[in-house]
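Q:
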Amino acid sequence: MPSHTSPSPGPNARPRSTWPLYLILALCLAPVVFAVLAYYVPSLGLRPEGTSNYGALVEPQRPMPPAEALPLATLDGSPFDLASLRGHWLLVSADSGACPESCVKKLFILRNSHASQGKNVERLARVWFITDDAPVPAQVLEAYKGTHMLRVDPAKLAAFLAPDAAPGQLEAALQAPMWIIDPLGNLMLRFPADADPISVRDDITKLLKNSRIG
1 MPSHTSPSPG PNARPRSTWP LYLILALCLA PVVFAVLAYY VPSLGLRPEG TSNYGALVEP
61 QRPMPPAEAL PLATLDGSPF DLASLRGHWL LVSADSGACP ESCVKKLFIL RNSHASQGKN
121 VERLARVWFI TDDAPVPAQV LEAYKGTHML RVDPAKLAAF LAPDAAPGQL EAALQAPMWI
181 IDPLGNLMLR FPADADPISV RDDITKLLKN SRIG
């Protein structure tokens, strides 16, 4: 009767290599090792940057002041409470009523950034703080309809937007940048005077994509 027993390996048979096992083990451990090195040895440059935003984060974030601390008025003189815009991402600029070219550029960047947000457009609102009593040019009124144009005392506005500005530098501190206030009423992002329009738009897109508020 034939035997079904497998033949035993001969005395010259090679032992099976363990390298594939080691390779599989190394591949499994690699992500863990990478994470540990990234966390504990930042000098290696493995840790990702904490943020990828173009604008500068306002740290610490500053809450929107109450109407008593920051009185606002519409162009027709009616009082306006900024808290009425809570729940929206606010795209903010500040300048004189005459609105020189630099002012128009900021209004243009914020309007186009707003308009380009597609289905998220309703989550945003635009605010232009007017820091004097100068009349607003008719062409600016027409071109930037939909922007909340609010007159304000520049010193009181600076206490919120630019608290570190020296008394003699309030105008530059307010007129140069653009800001974003989040839906909870916190000033949280600042764009430079020479901001790139595409980068501003992209920052706003990322905020809306990653946030569940507003």
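Numbering (UniProt numbering), first residue to last: 1 to 214. We treat Cβ as the ideally placed atom computed from N, Cα and C, and that holds for glycine.
1) For residue 221, is the classification buried or exposed, using 16 other Cβ atoms within 10 angstroms of its Cβ as the cut-off for buried?
2) Pick helix, strand or coil for GLN61, following the three-state DSSP scheme.
3) For the alpha helix (DSSP H) holding HIS88, just list the boundary residues, first then last.
4) Figure out for me which residue from THR18, LEU184, LEU70 and ALA159 has the closest Cα to the Cα of LEU174.
5) Between the Cα of LEU157 and those of ALA195, GLY87, VAL127 and PHE191, spot the shortest distance and give me the residue it belongs to.
6) Distance check for HIS114 and LEU107, CA to CA, integer angstroms please.
7) Going by the beta-carbon positions, is the gap between LEU189 and GLY55 smaller than 7 Å?
8) Cα separation between ARG123 and ASP133?
9) Round the Cβ separation of CYS99 and VAL140 to the nearest angstrom and send it over; I've been treating them as touching at under 8 Å.
10) Based on Cα-Cα distance, which residue from ALA67, GLY77 and SER102 lies nearest to LEU85?
11) With a CB to CB cut of under 7 Å and the five nearest residues on each side skipped, what residues in its chain are close to HIS88?
12) Grouping DSSP H, G and I as helix and E and B as strand, with all else coil, what is ASP202?
13) Hey, THR74 and LEU161 are a contact pair by Cβ (cut 8 Å); roughly how many whole angstroms apart?
14) Name the DSSP bridge partner or partners of LEU124?
15) Which residues share a DSSP beta bridge with ASP95?
16) Tell me which residue opens and which closes the beta strand (DSSP E) that ALA73 is part of.
17) Would you kindly check if the distance between the Cβ of LEU170 and the Cβ of PRO192 is under 7 Å?
18) How many angstroms separate the CA atom of VAL121 from the CA atom of ARG212?
19) Tell me whether ALA173 sits in a helix, a strand or coil according to DSSP, three-state version.
20) Can you tell me the Cβ-Cβ gap for LEU72 and VAL152, rounded? I've got them flagged as a contact below 8 Å.
A: Straight from the coordinates:
1) Residue 221 is absent from the structure shown; the chain starts at 1 and stops at 214.
2) Counting from one through the sequence shown, the residue named residue 61 turns up at place 61. In the structure shown, GLN61 sits in a strand (DSSP, three-state: E or B).
3) Mapped onto the sequence shown, residue 88 falls at position 88. Counting along the chain, HIS88 falls outside any alpha helix (DSSP H), and DSSP gives it neither H nor E.
4) Counted from its first residue, the sequence shown places residue 174 at position 174. Ranking THR18, LEU184, LEU70 and ALA159 by Cα distance to LEU174 puts ALA159 first.
5) Taking the sequence shown and counting its residues from 1, one reaches residue 157 at position 157. The candidate whose alpha carbon is nearest that of LEU157 is VAL127.
6) Walking along the sequence shown from the start, residue 107 turns up at place 107. Walking along the sequence shown from the start, residue 114 turns up at place 114. For LEU107 and HIS114, the distance between alpha carbons rounds to 10 Å.
7) Taking the first residue of the sequence shown as position 1, residue 189 is located at position 189. Taking the first residue of the sequence shown as position 1, residue 55 is located at position 55. Yes, these two residues count as a Cβ contact at 7 Å.
8) In the sequence shown, residue 123 corresponds to position 123, counting from 1. In the sequence shown, residue 133 corresponds to position 133, counting from 1. Roughly 30 Å between the two C-alpha positions.
9) One-based indexing of the sequence shown puts residue 99 at position 99. One-based indexing of the sequence shown puts residue 140 at position 140. The C-beta distance from CYS99 to VAL140 rounds to 5 Å, short enough to fall under 8 Å.
10) Counting from one through the sequence shown, the residue named residue 85 turns up at place 85. It is ALA67.
11) Locating residue 88 in the sequence shown gives position 88, counting from the first residue. Cβ within range, chain order: ARG123, LEU124, ALA125, PRO183 and GLY214.
12) Indexing the sequence shown from 1 puts residue 202 at position 202. Helix at ASP202.
13) The residue given as residue 74 occupies position 74 in the sequence shown. The residue given as residue 161 occupies position 161 in the sequence shown. Contact doesn't hold; Cβ gap of about 19 Å is too wide.
14) Numbered from 1 along the sequence shown, position 124 holds the residue referred to as residue 124. Paired residue(s): TRP89.
15) The residue you call residue 95 lines up with position 95 of the sequence shown. Answer is ILE130, bridged to ASP95.
16) Mapped onto the sequence shown, residue 73 falls at position 73. Annotation for ALA73: the continuous beta strand (DSSP E) segment containing it runs 72-74.
17) In the sequence shown, the residue the question calls residue 192 occupies position 192. In the sequence shown, the residue the question calls residue 170 occupies position 170. Result no, Cβ atoms of PRO192 and LEU170 do not sit closer than 7 Å.
18) Within the sequence shown, numbered from 1, the residue matching residue 121 stands at position 121. Within the sequence shown, numbered from 1, the residue matching residue 212 stands at position 212. The straight-line gap from Cα to Cα measures roughly 14 Å.
19) For this step, residue 173 is matched to residue 173 along the sequence shown. Three-state result, ALA173: helix.
20) The sequence position of residue 72 within the sequence shown is 72, counting from 1. The sequence position of residue 152 within the sequence shown is 152, counting from 1. So it is a contact: roughly 5 Å between Cβ atoms.
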